[in-house]
Each structure stands twice: as C-alpha cells, then as structure tokens.
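The structure under discussion appears below in the form of structure tokens.
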Amino acid sequence: MSRKGNISVRLRKGRVIPRDDGKRIEEFVGAASTGTASASVARMLAPPGWVEPAQCPEFDEMVLVLTGELTLVVDGKRERIQPGEVGLVPKGRRVVYRNDGQGACDYWSICAPAFRPELAHMEEPEAKPTDNTVTVQVAHSQGEEYERLLTTRARDYLKRLGLTGCELSLSLVGDRAIRRLNRTWRQKDKATDVLSFPAGELPKGTPGPRPLGDVVISLDTAKRQAKEYERTLESEMSRYLAHGLLHLLGHDHEKPRDAKRMAALEEQLLGERGMVADSLQLDSRARRARSLM
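Here the numbering used here is used: the first residue of the sequence shown is -7, the next is one more, and so on.
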C-alpha cells in the first residue's frame, strides 16, 4: 500500500472480515477497512451451498463474478451471475445472495454508499431444522406394511443418539436386489441382511437437514433369520436398522475396541443384545473351541 498524506492510492491487501458461515470477505475500501463512507470494495469467496439471510439494503450493490456462479434472488426473481458477468441490486430491493453451484464462487462486491451492517437490514436467519427426516422406499411386494414400523423405529433411534436436523433414507428390498448391491459395492456375490451407504460430509453452510445416507434392508433375509433364531420379524428388522444406522455414523466392528463400543450402542438402541454382540459371542466360542482341540 502506498499513501499520499492520509489518502491511499494503491491497495494490495484488504481487511478480512470475520464470518462464521464459511464465507471469506476481504474489504479493500469501506467503513471497516479505510473508514470510507461513500463506497466499499470487497472480494468475496463463497463456498458451495452458502446462503445469506434476506436483506433490504440502503445501498446499491454491484457484483462481478470471477469464478463459479452467484445466485441473486431479487424480489423473488432468481438471476444466476456467471464468470465475467456483473449483477446489479438497487437499494431498497429485497435480495438473497447464495451459491447454488458445485464449487466456490469468487467475486467482487462494490457498494455505494459503503456497506455497513445497520444499512443492510438483514433479516433474522431461518432456524436450523431440529426435527429428523426419515424416508422409506419400499421395493418389495410385501414391504408396505412395515414402512410405518421402520419410520417410527428410525426416528426413535436418531433421538436416542442425540441427533437433530438429520435426514435418513431407508430401503426395504428383496434378496436379489441386495445381492446385486453387495456384489457391486463390496465384491461379495451373495445376499446379505443390511447394507449402509454413508452420505459423506457436505460443505459448511449447506442449507437443509444433514443427510446421513442410506440403509438397505433385505426383507427376505429378515424373514429367514427371524424364523431361524425364533425372533419376530419386527425385531429382526430393528436389529438391521440399528446396525446399519451406526455404520452410517462411522462406527465399525472390525477392531475389538470399536466392536465393543458399537455393540454397546446397539444394545442402547434395541434394549437387548444386537448383531455385533452376537458376532463377538460367536467369535469367543470359536476361540474357546480351538483352544480345546
């Protein structure tokens, strides 16, 4: 930066404005950086999924997109500003700024007069969802009667685990479908009881509930196993659901310490011993039998 008296004539670096929504703001000219009231110039980097509460500012704002895509919703009308394009939001218009793209949006913002929070008249942000959402897809001819059961159990398990604002997807299928999934994703060409497909982490600031992923349950296998072990079909599917849900949350049973933790959580959800504890008991019996040979 070079100065002539108290006037800056070249600005190479701005002032970074602290944010908690994942967006980066570096103001080069404005009320916060140079004390300029007539105009502000700032560079923004908005992550994918970022959205700002609606506002009705007392300043004109121009945005110049460098990379990515910036969505402006002005008085309910959506405009997508592409790289190299300029968007204009006149003062007094209700506007929502957001990034609907897959990547970050790098853009410049010029406000006249300068941006100040008290001039933005930003509305209170919408409360984050606290209720959990459970969706069940039935792909089995006899599965519809168990849809309500699985939905109720899933919501109960999420609540017991202290989870809020989450979205869980369940699928009830037959052996043929789950065998195909098992072969495709685990290279095991056989039917199984339950499969879990975690959703992965979303970018910070992504609106809506947090997706956990998908739990796929085989009704055919549940019927066979319930009969073999003299359990009700509802109890058998509850075991699969608890097991699959814990896998979505990152729990595993390949290591002894992790297995004990997962077994304890299954028992917490079911009120009785679950699939991991049964497996640990079988392994223990097998080890004892080998030691006696």
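Glycine included, C-beta positions come from ideal geometry on N, C-alpha and C.
Residues bridged to residue i [DSSP beta-bridge criterion]
i    : result
V81  : E53
M36  : I17 and Y99
T63  : R72 and R90
Q299 : In the structure as shown, the chain starts at -7 and stops at 285, and residue 299 therefore has no counterpart that could be examined.
T127 : S161
R202 : C158
F107 : The partner list for F107 (beta bridge, DSSP) is empty, contrary to what the question assumes.
V207 : L162 and S188
M114 : Q47
V8   : E18
Where the alpha helix (DSSP H) through residue i begins and ends
i    : result
R171 : D167 to R178
L261 : P248 to L262
W231 : One detail in the question is off: residue 231 reads as Arg in this sequence, not Trp. Residues L225 to L240.
A146 : E139 to R152
Buried versus exposed call for residue i [16 or more other C-beta atoms within 10 Å across all chains shown]
i     : result
M(-7) : The pLDDT assigned to M(-7) is 45, lower than 50, so where the model puts this residue is not dependable; a value taken from the coordinates is nonetheless given after this. Answer is exposed; the Cβ neighbour count stays below 16.
P248  : exposed
H113  : exposed
G200  : exposed
E222  : exposed
P39   : buried
R145  : buried
A269  : buried
8 Å Cβ cutoff, residue i in contact with chain C
i   : result
P10 : The question asks about chain C, but that chain is absent: this structure has only one protein chain.
(message) For the region 255 to 264 against the region 222 to 234, do three or more pairs of beta-carbon atoms, one drawn from each stretch, fall closer than 8 Å, so that the two count as touching?
(response) Proximity of the region 255 to 264 to the region 222 to 234 meets the contact definition, three or more beta-carbon pairs being nearer than 8 Å.
(message) With three or more beta-carbon pairs closer than 8 Å as the criterion, would you say the region 49 to 60 touches the region 89 to 103?
(response) Output reads yes: the region 89 to 103 touches the region 49 to 60.
(request) For the region 0 to 17 and the region 35 to 51, state whether three or more C-beta atom pairs, one from each stretch, are separated by less than 8 Å. (result) Contact holds between the region 0 to 17 and the region 35 to 51, because three or more Cβ pairs, one in each stretch, are under 8 Å apart.
(request) Pair every Cβ in the region 21 to 29 with every Cβ in the region 70 to 81, then say whether three or more of these pairs are closer than 8 Å. (result) In the pairwise beta carbon analysis, the region 21 to 29 is classified as not touching the region 70 to 81: fewer than three pairs are separated by under 8 Å.
(request) Kindly confirm or deny that the region 121 to 141 and the region 47 to 56 touch, where touching means at least three C-beta pairs closer than 8 Å. (result) With the cut-off at 8 Å, the region 121 to 141 and the region 47 to 56 do not touch.
(request) Give a yes or no on contact between the region 208 to 218 and the region 163 to 175, applying the rule of three or more CB pairs nearer than 8 Å. (result) Counting C-beta pairs closer than 8 Å gives three or more between the region 208 to 218 and the region 163 to 175, which meets the contact rule.
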